[in-house]
Amino acid sequence: MVHSTCYTKHHLLISMDKLIVEGGYKLSGTVNISGSKNASLPILAASILTDEPVRISRVPDVSDTNYMIQILSQLGASVERSSGTVRIESPDGISSSASYDQVRKMRASICLLGPIMARMHRCTLPLPGGCVIGDRPVDLHVRAIQALGARVRIKGGNLVMEAPNGLIGTTVDMRGDSGPTVLGTDNLMMAAVLAKGTTIIESAAREPEVVDLANFLNKMGARIEGAGSRTITIHGVEKLHGCEHTVIPDRIEAGTFMVAAAMVSDGLQINRVCRKHIQAMADLLVECGHVVEFDEEGTSVFVKPGERPRSGKILTAPYPGYPTDMQAQMTALFALTPGISVVKDTIFPQRFMHCSELKRMGANIKVDNGTAIITGVEGLSGAPVMASDLRASAALVLAALAAEGTTEIHRLYHIDRGYEMLDEKLMMLGARVQRVLDTDARNIED
Ligand code: EPZ
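Numbering (this note's numbering), first residue to last: 546 to 991.
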């Protein structure tokens, strides 16, 4: 689902959708969580590591995965998508250069670096820009591939890498000033699977999406041990083959619905989750007085508001700590929780774009160098607000569901990047939401 675009003579007018939300209607019922966007992106990129077909199921139909599929097609892969299943075949002769026009739309396309280098030993990739949640450096990615023997230069805004003698395994410590890097760990793992010898990744990211990528690569014939721990060992192999894989559930979508359930519901049953992946979010909701009950297998969770909700404290941390991708959504809940709550994002200290919009709805939030202090208020009131980044936009939807009156959320394409059919899923749960064409879309210089 990507918003329609039309080109006028000089301007690209993106017909941006907006979401109109009538607040105050309690959600109820059951929702199924989609496949993980953040597991899908590196796994789609990894498909070019073999010339045999791969089939990936439960890839969510969101803009980010569609962008990745477009880039793979542009590189010369043949990609077929039927609902959640994507079939990719990357024959010999695929290009090693991705275009700026595609890459600029999604900074996660940096995760093509590893697979392209592993397969073709050269890569020209436009440097991804920053984004509203802060500067998004790629120094750790570059340093990792350099350690395997690649030469790097920056030319015309592109990262140009080449390894004429191929990549050679070694030990690389991936820790940065802000802790481990998820896509950096992914890139090094994907570059190492076809390298000569053994690569050891120290200070590796431990996120479930990294583990899912390692599982996918091992199904292709890679020899990876220790994914999910701080040290990952990759024994290089000659060649990889095709495989089939189903991506893990999206733990951030699950967390978003858990917060919605605690904010404005008579109780929601949330299916297709993985308890281990959402334990930190479940623990915080319980600490704040809400009801969270997992089923035996840990694949479904029931959540409803507690009788006496309590304020809370978030210090984001790499997995298995509280995820940075969930602090905005929890801030919307804290805005309506009696007492004073505190949110500190150690990973993206500027990630507070949602706070100014929540304050326009009546929230009482003070943001000061990477920390938000939220004083709960009696109620929020609907207002026209602007989505900014994916998770900030989700926070605005949650606030709108609980607010008094109507909220219009403009620039819905931010939400479409990472939530599959969010408005339809909410409607099924009884929310009064409507997606409409945003007629006052601004002309945007192309
Ligand atoms: C992944 O981004 C996720 N995206 C992000 O989710 C998530 O917020 C982030 O991990 C942290 O968990 C995808 O998986 C597609 P990082 P990634 O490299 O890998 C610094 C969402 O909403 N850093 O783990 O790009 C960086 O600035 C998105 O779905 C360097 O300093 O994030 C940050 O402070 C938003 N140098 C920290 O490391 C580098 O070379 C963690 O970033 C790379 C990163």
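Think of the CB as a built atom: it goes at the ideal place given N, C-alpha and C, for glycine as much as any other residue. Just so it is clear, the structure is predicted and the values come from calculations on it, not from any experiment.
Return the Cβ separation of residue i and residue j in integer angstroms, given the expectation that the two are a contact with Cβ distance under 8 Å.
| i | j | result |
| --- | --- | --- |
| Leu957 | Lys563 | 6 Å |
| Leu594 | Pro636 | Rounded, the Cβ-Cβ distance is 13 Å, inconsistent with contact. |
| Val738 | Ile779 | 6 Å |
| Ala939 | Ala873 | 7 Å |
| Ile588 | Leu758 | 6 Å |
| Arg535 | Val566 | The question about residue 535 has no answer, for the chain in this structure spans 546 to 991. |
| Ile713 | Gly729 | About 19 Å separates the two Cβ atoms, so there is no contact after all. |
| Val930 | Ile954 | 6 Å |
| Gly629 | Ser592 | Gly629 to Ser592, Cβ: 15 Å. No contact. |
Under 7 Å: does the beta carbon of residue i sit that close to some heavy atom of the ligand EPZ?
| i | result |
| --- | --- |
| Glu707 | no |
| Pro850 | no |
| Ser723 | yes |
| His686 | yes |
| Thr869 | yes |
| Arg681 | yes |
| Asn611 | no |
| Gly773 | no |
| Arg600 | no |
| Phe893 | yes |
| Leu728 | yes |
| Asn583 | yes |
| Gly580 | no |
| Leu946 | no |
| Ala940 | no |
| Gly963 | yes |
| Leu992 | Absent from the structure is residue 992, since the part of the chain shown begins at 546 and ends at 991. |
| Arg649 | no |
| Ala653 | yes |
| Lys759 | With the sequence shown as reference, residue 759 is identified as Ala, and Lys is not the correct amino acid for it. Outside the cutoff, so no. |
Please report the straight-line C-alpha distance between residue i and residue j, rounded to a whole angstrom.
| i | j | result |
| --- | --- | --- |
| Gly975 | Val631 | 31 Å |
| Lys911 | Ile918 | 5 Å |
| Ala928 | Val942 | 11 Å |
| Lys571 | Asp811 | 6 Å |
| Gln615 | Thr984 | 28 Å |
| Lys582 | Ala622 | 20 Å |
| Pro671 | Val727 | 20 Å |
| Asp991 | Gln647 | Low confidence applies here, because Asp991 scores a pLDDT of 30, under 50, leaving its location unreliable and the question unanswered by this model. |
| Tyr864 | Ser640 | 35 Å |
| Arg649 | Gln979 | 30 Å |
| Ser654 | Met706 | 15 Å |
| Thr550 | Arg962 | Because the pLDDT of Thr550 is 42, which lies under 50, any placement of that residue in the model is unreliable, and the question is left without a value. |
| Thr553 | Met966 | Note that Thr553 scores a pLDDT of 37, beneath 50, so its modelled location is shaky; the value from the coordinates is reported in the next line. The alpha-carbon atoms of Thr553 and Met966 are separated by roughly 29 Å. |
| Asp718 | Glu747 | 4 Å |
| Lys821 | Pro753 | 9 Å |
| Gly787 | Thr916 | 46 Å |
| Ala932 | Met561 | 11 Å |
| Leu830 | Val804 | 8 Å |
| Ala643 | Asn732 | 16 Å |
| Gly924 | Ser573 | 21 Å |
| Ile559 | Ser627 | In this prediction, Ile559 has a pLDDT of 48, which is less than 50 and means its spatial position is unreliable; nothing more can be read from the coordinates. |
| Glu832 | Lys889 | 17 Å |
| Ala877 | Glu949 | 14 Å |
| Ser926 | Leu685 | 43 Å |
Among the options, which has the Cα closest to the Cα of residue i?
| i | options | result |
| --- | --- | --- |
| Ile777 | Leu881, Ile745, Asn763, Glu798 | Ile745 |
| Arg817 | Ser579, Gly569, Ser608, Met561 | Ser579 |
| Val922 | Ala932, Pro883, Asp968 | Pro883 |
| His835 | Ile823, Val848, Gln824 | Val848 |
| Ile516 | Gly711, Tyr964, Val837 | Missing from the structure shown is residue 516; the chain here goes from 546 to 991 and no further. |
| Thr801 | His790, Ala825, Glu783, Gly787 | Ala825 |
| Met613 | Ile793, Gly843, Ala584, Leu712 | Ala584 |
| Ile960 | Val576, Glu597, Pro605 | Pro605 |
| Cys665 | Ala692, Gly724, Asn710 | According to the sequence displayed, residue 665 carries Met and not Cys. Checking every option, the nearest Cα to that of Met665 belongs to Asn710. |
| Val755 | Ala806, Leu620, Glu949, Ser774 | Ser774 |
| Ala663 | Gln814, Leu785, Ala799 | Leu785 |
| Val599 | Val792, Arg681, Glu852, Glu634 | Glu634 |
| Ala807 | His790, Glu789, Asp828 | Asp828 |
Determine the extent of the beta strand (DSSP E) in which residue i is found, giving its start and end residues.
| i | result |
| --- | --- |
| Arg977 | 977-982 |
| Phe839 | 836-839 |
| Asn577 | 572-577 |
| Ile797 | No beta strand (DSSP E) contains Ile797, which is instead part of the alpha helix (DSSP H) from 796-808. |
| Asn703 | 703-707 |
Which stretch, first to last residue, makes up the alpha helix (DSSP H) that contains residue i?
| i | result |
| --- | --- |
| Phe588 | Per the sequence presented here, residue 588 reads as Ile, with Phe not at that position. It spans 582-591 - the alpha helix (DSSP H) in which Ile588 sits, taken as one unbroken run. |
| His899 | 898-905 |
| Asp968 | 967-973 |
| Val687 | 684-692 |
| His959 | 958-961 |
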